[in-house]
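A.B. asks: Below is a structure I'd like to ask you about.
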């Protein structure tokens, strides 16, 4: 049955799935249409095929199985369409003016002669171009979204695909749908595989097998690995394709990819071996194509993404080149250090003195130690020494928060590594579709940094790719000083750079173990070092800044966290809710980040008339929400505004640039449905505007994972603990969480779990080889 007409009103529409309920005016009057229609908008003409159903609550509805959108052709339809708000910059009033002027020719004018819109009062030339751009984007997206919907692709997924490929999506999907998994963040092998099946791609397709290999290696990068042992890689590939296999016929007349279906163990083993053989063939093809590298480590074959292999190899070469020795009179150096001690009214102990000397005399030096061991004091002495010699010094850290703390503690300007390297919005053609690796910096081997020494703080957070970008930009003869806590969790990104540099034994390393910063009655630093030594905590609640509140169930823990955040800590300690950070061990489960954020948003920033909000899937973003960037976006624009002359509102732009990074936190200050934009003010003063299509980059941050908190410090930290994966619930995790707090730590949950984590010294193994590459280069030079 076919029905058609104009969409009068969108009653309901899901941005996630495209499902909508709409009132349609047709020849037989107004009817309710229900079904999935990406790009639906009031004023559009639709031709739908389906059947009438009797809904128990909403009476008779036309449920369509397919629906074709046609652009409106008469003046009434055009005015409805433009006035619906679907085109950015046009409301009902302006739509009426435009249609009155151009009548039936309106849409052609917008598409082909947009400059003529400026003939209408209230439309500038700039606004006319913006209207035309929005119209064309909507038109193209509607066509693409409808095409993708037939393959079960949701609207949000369609947006990401459209933003990446535009109209090329048709050729890509018909040619190799697995390319989606390679190019687009959030589309993994399983989604691409499902699309491929709908398009009739064979299970033994080379595209499918190669995509599985690359997907597994990319996912390994998300776990921190730079490579995988070959046998582990093959096992993961087989598991991946077996789980997604549905065809019982498949390869060799019996499904090798569905080998688990066999009751007979011999047949299953044979099918498994056949599948492994297929993947081994594709490993050779990928090796020939330059997509992967296969090497031997400890007599075992290991497989890298080619980019990962060369990042480690070239990083090792560049770092080794910087390892110079600066000869100087020992007595003279000692006298200079003593002068600084006198001027700064401080006394260095033996290890601190050794750390300062190694940083001055070596091209590359490492200083590591826990909280309160004097790392900041050493940095200050090094800065003082170099500045007295008239040397140019640069200070940097992986995150904006860490850089800000570095500035506050040294009085010397510090910046993020990205800003030091002058990140640019332009990206290399070869890496334009890579989510975390497609960065482009103005400072590089061809345009190196101009300085004599670089001090990098919070070095444990630096991943392999940002480290490679840094060492490429450091000129020969510039000192590199790495400062960090090797007992912290490793970087969120792939690699284990600080630990690998230390373990290589190729550079001077000073390990600080004496506690200097031990404020009166403070137990945060004291307990952190107890954890590091593997000693159980004595949680008597007699401390001024370290407390434990026992709770047995998830609901009790959540309620306690809410009371602490909203009432107790603000009332008794003066902390605002914004100064209190909840740190969860994991994302899922009842006391995980996702559920905790939902509960805290409802209490800390409830729905109100004066708070605009935008619903995306099952998440509601609201003005005043605390949020975090969850992926690197090297093209995201930002500005820093001064205060206006009146003292309220924005003043002049003080600074602007591009680049917002994984872990950056801020607050939503504005939401505009008219502009389809959301504005975030980040903690370091940068303000950035996000289109609704880009909201997969942010999530709520009332609670964050302990991993995401690295490099940050908060006045007060609450740590809910109930249970979790034993491998993850280890000493490093609880140590990192506690050391994020400046003034107060409160653990809520199971006391036994705290001590179990202290006892669990296992660290999740990372397959990295920077240390090996450094050792090889060092041996070749001897």
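Numbering (UniProt numbering), first residue to last: 1 to 782. All C-beta atoms, glycine included, are put in the ideal place defined by N, C-alpha and C.
(1) On the DSSP bridge list, what partners appear for residue 536?
(2) Based on the DSSP output, what are the partners of residue 614 in its beta bridges?
(3) Rounded to whole angstroms, what's the CA-CA distance from residue 576 to residue 600? Just pull it up for me.
(4) Can you confirm whether the stretch 460-471 touches the stretch 490-497 when touching is taken to mean that 3 or more C-beta pairs between the two stretches lie within less than 8 Å?
(5) Counting Cβ pairs closer than 8 Å, one from the stretch 552-567 and one from the stretch 586-600, do we hit at least three?
(6) Cα-Cα, which of 366, 383 and 72 is closest to residue 105?
(7) Helix, strand or coil: which one does DSSP assign to residue 403?
(8) Whole angstroms are fine: how far does the CA of residue 776 sit from the CA of residue 746?
(9) Would DSSP call residue 321 helix, strand or coil?
(10) Excluding sequence positions up to five away, which residues of its chain have a Cβ less than 7 Å from the Cβ of residue 504?
(11) By Cβ distance, which residues of its chain are closer than 6 Å to residue 690, with the 5 residues on each side in sequence left out?
(12) Under a Cβ-count criterion, where at least 16 other Cβ atoms within 10 Å of its own Cβ denotes burial, should residue 457 be classed as buried or exposed?
(13) Please return the same chain residues whose Cβ sits closer than 7 Å to the Cβ of residue 290, not counting the five positions on each side in sequence.
(14) Could you tell me the distance, in whole angstroms, from the CA atom of residue 299 to the CA atom of residue 768?
(15) Sort 90, 496 and 146 by Cα distance to residue 123 and report the nearest one.
(16) Are there 16 or more other CB atoms within 10 angstroms of the CB of residue 301, so buried, or fewer, so exposed?
(17) CB residue 195 to CB residue 367, shorter than 8 Å?
(18) List the whole-angstrom C-beta distance separating residue 748 from residue 557, where the pair is believed to meet the contact cut-off of C-beta under 8 Å.
(19) Out of 514, 70 and 756, point me to the one whose CA is closest to residue 42's CA.
(20) Would you please state the rounded distance, in angstroms, between the beta carbons of residue 401 and residue 688? I believe it to be under 8 Å.
(21) Closest to residue 184 by C-alpha separation, out of 204, 236, 161 and 416, would be which residue?
(22) What residue ranges within the stretch 312-382 form continuous beta strand (DSSP E) runs of no fewer than 3 residues, ordered along the chain?
(23) Just to confirm, are residue 586 and residue 728 a CB contact at a threshold of 8 Å?
(24) Using 10 angstroms around the beta-carbon of residue 317, count the other beta-carbons present and answer buried if the total reaches 16, otherwise exposed.
(25) Compute the Euclidean distance between the alpha carbons of residue 607 and residue 103, then round it to the nearest angstrom.
(26) Using a Cβ-Cβ cutoff of less than 6 Å, which residues in the same chain neighbour residue 508 once the five nearest sequence positions on both sides are dropped?
(27) What residues in its chain sit with their C-beta under 6 Å from that of residue 742, if we drop five residues either side in the sequence?
(28) What residue range does the alpha helix (DSSP H) around residue 571 cover?
(29) At which residues does the alpha helix (DSSP H) containing residue 147 begin and terminate?
(30) DSSP on residue 605, reduced to helix/strand/coil?
(31) How should residue 56 be labelled, buried or exposed, when 16 other C-beta atoms within 10 angstroms of its C-beta is the threshold for buried?
(32) Just to confirm, are residue 725 and residue 760 a CB contact at a threshold of 8 Å?
(33) Taking only runs of the beta strand (DSSP E) that begin and end inside the stretch 35-96, which ones reach a length of at least 3 residues, in chain order?
(34) Do residue 76 and residue 98 have their C-beta atoms within less than 8 Å of each other?
(35) Mapping DSSP to helix, strand and coil, what is residue 688?
(36) Between residue 430 and the rest of its own chain, which residues show a CB-CB distance below 8 Å, the 5 nearest in sequence each way excluded?
C.D. replies: The short version:
(1) Working through the chain shown from its first residue, we reach residue 536 at position 536. DSSP, once it has assigned bridges, lists no residue as partnering residue 536.
(2) In the chain shown, the residue the question calls residue 614 occupies position 614. 621.
(3) Locating residue 576 in the chain shown gives position 576, counting from the first residue. Locating residue 600 in the chain shown gives position 600, counting from the first residue. Going by the C-alpha atoms only, they are around 14 Å apart.
(4) yes
(5) yes
(6) Along the chain shown, read from residue 1 onward, the residue named residue 105 stands at position 105. Checked all of 366, 383 and 72; the closest Cα to residue 105 is 72.
(7) Your numbering for residue 403 matches position 403 in the chain shown. The answer is helix: DSSP assigns residue 403 an H, G or I state.
(8) As a first step, residue 746 must be located in the chain shown, where it is residue number 746. As a first step, residue 776 must be located in the chain shown, where it is residue number 776. Rounded to whole angstroms, residue 746 to residue 776 spans 46 Å at the Cα level.
(9) Position 321 of the chain shown, counting from 1, holds the residue named residue 321. Three-state result, residue 321: helix.
(10) Here residue 504 refers to the residue found at position 504 when the chain shown is read from its first residue. Counting only Cβ-Cβ distances below 7 Å, and skipping sequence neighbours, we find 771, 774 and 775.
(11) Residue numbering aside, residue 690 sits at position 690 when the chain shown is read from its first letter. Closer than 6 Å at the Cβ level, and outside the excluded window around residue 690, lie 678.
(12) Translated into the one-based positions of the chain shown, residue 457 becomes position 457. Buried, since its Cβ has 16 or more Cβ neighbours within 10 Å.
(13) Position 290 of the chain shown holds residue 290. Taken in chain order, the residues that qualify are 306.
(14) Taking the chain shown and counting its residues from 1, the one referred to as residue 299 is at position 299. Taking the chain shown and counting its residues from 1, the one referred to as residue 768 is at position 768. Going by the C-alpha atoms only, they are around 16 Å apart.
(15) By 1-based counting over the chain shown, the position of residue 123 is 123. If we check each option's Cα against that of residue 123, 90 comes out closest.
(16) Numbered from 1 along the chain shown, position 301 holds the residue referred to as residue 301. The residue in question, residue 301, is exposed, as its Cβ has fewer than 16 Cβ neighbours within 10 Å.
(17) Residue numbering aside, residue 195 sits at position 195 when the chain shown is read from its first letter. Residue numbering aside, residue 367 sits at position 367 when the chain shown is read from its first letter. Going by C-beta atoms, residue 195 is not nearer than 8 Å to residue 367.
(18) Taking the first residue of the chain shown as 1, we reach residue 748 at position 748. Taking the first residue of the chain shown as 1, we reach residue 557 at position 557. The Cβ separation is near 5 Å, so the contact holds.
(19) Stepping through the chain shown from its first residue, residue 42 is reached at position 42. For residue 42, the nearest C-alpha among the options comes from 70.
(20) Residue 401 sits at position 401 when you count from the first residue of the chain shown. Residue 688 sits at position 688 when you count from the first residue of the chain shown. About 16 Å separates the two Cβ atoms, so there is no contact after all.
(21) Here residue 184 corresponds to residue number 184 of the chain shown, with the count starting at 1. Comparing Cα positions, the closest option is 161.
(22) 364-369
(23) Walking along the chain shown from the start, residue 586 turns up at place 586. Walking along the chain shown from the start, residue 728 turns up at place 728. Yes, they are a contact pair.
(24) The sequence position of residue 317 within the chain shown is 317, counting from 1. By the neighbour-count rule (16 or more Cβ atoms within 10 Å), residue 317 is not buried but exposed.
(25) As a working mapping, residue 607 is identified with position 607 in the chain shown. As a working mapping, residue 103 is identified with position 103 in the chain shown. If you take the alpha carbons of residue 607 and residue 103, they lie about 42 Å apart.
(26) Locating residue 508 in the chain shown gives position 508, counting from the first residue. The residues are 358, 362 and 365.
(27) Within the chain shown, the letter at position 742 stands for residue 742. Correct list, in chain order: 713 and 715.
(28) Along the chain shown, read from residue 1 onward, the residue named residue 571 stands at position 571. Element bounds for residue 571: 569-573.
(29) Taking the chain shown and counting its residues from 1, one reaches residue 147 at position 147. Residues 125-149.
(30) Along the chain shown, one-based indexing puts residue 605 at 605. The answer is coil: DSSP assigns residue 605 none of H, G, I, E or B.
(31) As a first step, residue 56 must be located in the chain shown, where it is residue number 56. It counts as exposed.
(32) Here the question's residue 725 lines up with position 725 in the chain shown. Here the question's residue 760 lines up with position 760 in the chain shown. Cβ distance not < 8 Å, so residue 725 and residue 760 don't count as in contact.
(33) 45-55 and 59-70
(34) Residue mapping note: residue 76 aligns to position 76 of the chain shown, counting from 1. Residue mapping note: residue 98 aligns to position 98 of the chain shown, counting from 1. No.
(35) Position 688 of the chain shown, counting from 1, holds the residue named residue 688. Residue state, collapsed to three classes: strand.
(36) Looking up residue 430 in the chain shown gives position 430. At residue 430 the pLDDT is 41, less than 50, meaning the model places this residue with poor confidence and gives no usable figure here.
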